[in-house]
């Protein structure tokens, strides 16, 4: 089992969700986050003074998948979240040790 | 237990119903005079020849109390504008201060403000100081007819009182925005009480109360100087003692502390604009059609011109159209026309408002440069534009320029010194500023123990 964590541009969320469900991913957790990478922040102006916004709003998607679905899922995200401009985000894949479906007490791959 | 409560409340209901029935029963049997009879009696007692004028008196009185209600809604405008232009962690505190100001403003105005604002013949120092006691029954001695103000005042005693009472609290509200996000709540409560009870009313008595400013021919129709200027100058003194918010002025320059809700700020400004029709329109003190129409027109045109000129100034000087500046620009136009709304042409009102809209942007930038931290721009909007609006009556409205300048100097210096002394005394005795930990945590939690926005 793997945990796929993706940081994407907020307005891309709908497209990413659709492409994930097209490849058969049935669930995901979405969080509004802030951060920066190579894109860095940008400057804004308020009442005559400029200031830097370091942390830009992003959306974090987390999906737990079976090993054979990892590549498909990660690529679906990468493809649908791409704009080609700086700040598109990243996809991380992490090993996942166990999972429990709380309602039924199932564990392991059958809980996904 | 629940059964007992049900029984008790049932009994209570029956008791109330019985009381209501008993209360109304005698009235049915009597030939009590209705409002029409009472009104006719009032007209007759004033002399039959004035019968047509009585309709005007009634309409004027009605307009005055409506205007009072419009001025009241300006307090909601101040509350949301100040909330919007400050951080979300201080919202409860801002709203709390606004609740306090309208409440204490109205009460002190009844207890001593009204009779100090308008001492009539009871001056301790003629033309300068006339501190007096509470209002009595303003409907007595003909106060419910035009016996109150004679033929020159088309309202009753209570009409006069409630309209002026709504004005009084605005002066302290102006300070509230400028000192936001760092002032100690209890200190502000004490300070604003003294300011609205004594400071505002004494300065106002110089002009509207028939004091020395009215003797020298100073003209301030609805209070560019005696309301807005007073508030702005008092705010400046308080901010000088209080100091800027932590982290605003650093070695690397100005770090803006961004307001948390532009929609709230916009709602506030539109409410203030709306209420200003009562502020200026009610200051006609009657429903005299000629002046009333002119005042509404000049008020609206000046606000519009202030909005446009501040937008252009912001785009040229700051390279961006800053919404908070545009909102301040609308208010700047309104403050700029308040002194002369009844005595300038529509063309002049556009000019006055437009110049106010330019002034306000530069004033805000300038105050920031010299490290006077005013989160909402209150000192610039009310103080700086108050000066311009008052002087402008000398240019466009036929008032004596020298009297206008003397009036501005007199009221501004008094407001500044009064506020400075009161604030300094409070600083020495109870402190005026929250600790830096409390400030960074936000006044909502540290002063009130509650948050404005609870996610649940």
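Protein chains in written order, with my numbering: chain E, 3 to 114; chain Y, 1063 to 1518.
Where is the CB? At the ideal position from N, CA and C, for every residue including glycine.
Values in this document were obtained by computation on a predicted structure and should not be read as measured data.
Taking a Cβ-Cβ threshold of 7 Å, the residues of chain Y close to residue 50/E are 1380, 1426, 1427, 1430, in chain order. Look at the beta carbons and you see the stretch 5 to 18 of chain E touching the stretch 92 to 105 of chain E: at least three pairs across the two are nearer than 8 Å. Looking at the DSSP output, residue 109/E sits in a beta bridge with 102/E.
Per DSSP, reduced to three states, the secondary structure at residue 57/E is coil, with no helix or strand assignment.
The alpha carbon of residue 1198/Y has as its nearest neighbour, out of 1380/Y, 1212/Y, 1184/Y, 1173/Y, the alpha carbon of 1173/Y.
Restricting attention to alpha helix (DSSP H) runs no shorter than 4 residues, the stretch 1356 to 1428 of chain Y encloses them at 1385 to 1400, ordered along the chain. Taking the Cα of residue 1497/Y as reference, the smallest distance to any Cα among 1480/Y, 1291/Y, 1509/Y, 1232/Y is reached at 1509/Y. Taking the beta carbon of residue 1387/Y as reference, the chain E residues within 9 Å of it are 49, 50, listed in sequence order. Within a 10 Å sphere around the beta-carbon of residue 1444/Y sit 16 or more other beta-carbons, which makes this residue buried. Flagged as an interface residue toward chain E: residue 1316/Y, by a C-beta distance shorter than 7 Å. Beyond the five residues adjoining it in sequence on each side, residue 31/E comes within less than 6 Å, by CB distance, of 64 in the same chain, given in chain order. What residue 1443/Y touches in chain E, judged by beta-carbon distance under 7 Å, is nothing: the nearest beta carbon there is about 12 Å away. Taking the CA atoms as reference points, residue 1389/Y sits about 48 Å from residue 75/E. The residue among 1406/Y, 1250/Y, 1424/Y with its C-alpha nearest the C-alpha of residue 1377/Y is 1424/Y. In the structure shown, the three-state DSSP call for residue 1215/Y is coil. Segment contact: the stretch 1431 to 1446 of chain Y against the stretch 1286 to 1305 of chain Y, three or more CB-CB distances shorter than 8 Å; contact assigned.
Cβ atoms of residue 1494/Y and residue 1249/Y come within 8 Å of each other, at about 5 Å. Residue 1161/Y sits exposed, since fewer than 16 C-beta atoms from the chains shown fall within 10 Å of its C-beta. Pairing residue 1192/Y with residue 1267/Y gives a Cβ-Cβ distance under 7 Å. Annotation for residue 1514/Y: 1150, 1153, 1154, 1506 place their beta carbon closer than 7 Å to its own, counting only its chain and skipping 5 residues before and after. Remark: three or more beta-carbon pairs, one from each stretch, lie closer than 8 Å, so the stretch 1230 to 1249 of chain Y and the stretch 1257 to 1265 of chain Y are flagged as touching.
Ranked by Cα distance from residue 1375/Y, the options 1426/Y, 1356/Y, 1476/Y are led by 1426/Y.
For residue 1241/Y, none of the residues of chain E pass the 9 Å Cβ criterion, the least Cβ distance being about 17 Å. Neighbours of residue 1183/Y in chain E, taken as residues at a C-beta separation under 7 Å, are lacking, since the least C-beta distance is about 48 Å. By the Cβ neighbour-count rule, residue 1105/Y is buried, with 16 or more other Cβ atoms within 10 Å of its own. At a beta-carbon threshold of 7 Å, the residues of chain E lying near residue 1320/Y are 48, ordered along the chain.
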